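Take a look at the structure set out below.
Numbering (the UniProt record's numbering), first residue to last: 1 to 272.
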């Protein structure tokens with residue numbers, strides 16, 4: 001043996017908590033080479049350092065302790081290779097998930113830049129929009145409280161948290177509600193689904209022309225916005241072709257400045 005170390009010294013040398021070393025001993029993963037029968041003190045040798053290095057390495061890869069233990073029990077190259085292969089595949093999947101997060105952040109940053117410019121332009125416009133994939137829950141919503149409850153339900157049903165980024169949540173308002181001037185009688189709530197998941201709640205907002213109106217509000221509260229937009233649609237020689245879409249782009253959670261708040265209404269239209 002070349003040197004003898006207490007559990008405290010091993011803890012400092014390898015930056016592993018004493019509690020963890022004791023647990024490794026309990027589960028027979030890393031045992032001291034000697035235990036003083038009188039004091040109960042654990043002692044380790046330099047010859048055990050490589051053993052501990054391998055444990056530390058595999059733990060950094062996210063390997064469960066049970067699998068690490070099997071590596072030392074079997075000491076088989078094929079087993080070690082399979083273990084590393086499994087961790088490589090796990091790392092590749094994590095990289096893919098992080099890339100999705102990065103792309104969502106990039107998309108929202110672009111939308112935020114666009115929204116800050118758009119707040120000064122609140123006149124209705126006709127705009128062709130590409131198809132957009134969403135996760136949608138068909139459920140009547142008549143108040144902000146019902147909206148929040150429906151959003152929690154959709155999150156649970158799809159195992160997807162609502163995007164904390166701007167514009168990730170929307171509601172739809174059916175034609176009949178608009179024509180009867182019931183501007184809070186929503187028929188569904190949706191989450192933007194940039195990953196195009198395979199889900200019973202998957203839906204697509206079709207690629208087509210929309211009449212769009214941007215409002216300097218945290219929420220659409222006034223019927224005046226819909227009335228303006230419907231008059232504009234008629235004046236342009238179009239008619240409503242489906243449910244309207246509402247999204248909050250910038251609200252009081254994103255900005256404390258009311259003049260930066262922005263909502264949008266999109267109404268699909270076709271020529272008369």
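Every residue, glycine too, gets a C-beta built ideally from N, C-alpha and C. These numbers were taken from a predicted model, which means no experiment stands behind them.
As computed with DSSP, residue 158 is found in no beta bridge at all. If you draw a 10 Å sphere on the C-beta of residue 272, you find fewer than 16 other C-beta atoms in it, and that means exposed.
For residue 236, the three-state secondary structure derived from DSSP is coil. Judged by pairs of C-beta atoms under 8 Å, the region 134–150 touches the region 198–217, as three or more such pairs exist.
Looking at 143, 230, 108 and 150, the one whose alpha-carbon comes closest to that of residue 180 is 230. As a beta-bridge residue in DSSP terms, residue 44 pairs with 5. Looking at 130, 123, 152 and 244, the one whose alpha-carbon comes closest to that of residue 216 is 123. Inter-residue distance for residue 11 and residue 95 is about 32 Å (C-alpha atoms, whole angstroms). In this structure, DSSP gives residue 194 a state outside helix and strand, which the three-state scheme calls coil. For residue 68, no beta strand (DSSP E) segment is defined; the enclosing uninterrupted segment is the alpha helix (DSSP H) at 65–74.
Membership of residue 139 in the beta strand (DSSP E) is indicated by the continuous run 132–141.
The Cβ-Cβ distance between residue 246 and residue 171 falls below 7 Å. For residue 18, the closest C-alpha among the options 7, 27, 26 and 25 is that of 7. Pairwise C-beta distances place the region 91–106 out of contact with the region 44–58, as fewer than three of them are shorter than 8 Å.
DSSP places residue 123 outside both helix and strand once states are collapsed to three, so it counts as coil.
The continuous beta strand (DSSP E) containing residue 173 extends over residues 169–173. Residue 272 sits in coil when the DSSP states are folded into three classes, being neither helix nor strand. Here residue 270 is exposed, its C-beta having fewer than 16 other C-beta atoms within 10 Å. In the structure shown, the three-state DSSP call for residue 216 is coil.
For residue 205, the enclosing beta strand (DSSP E) starts and ends at 202–205.
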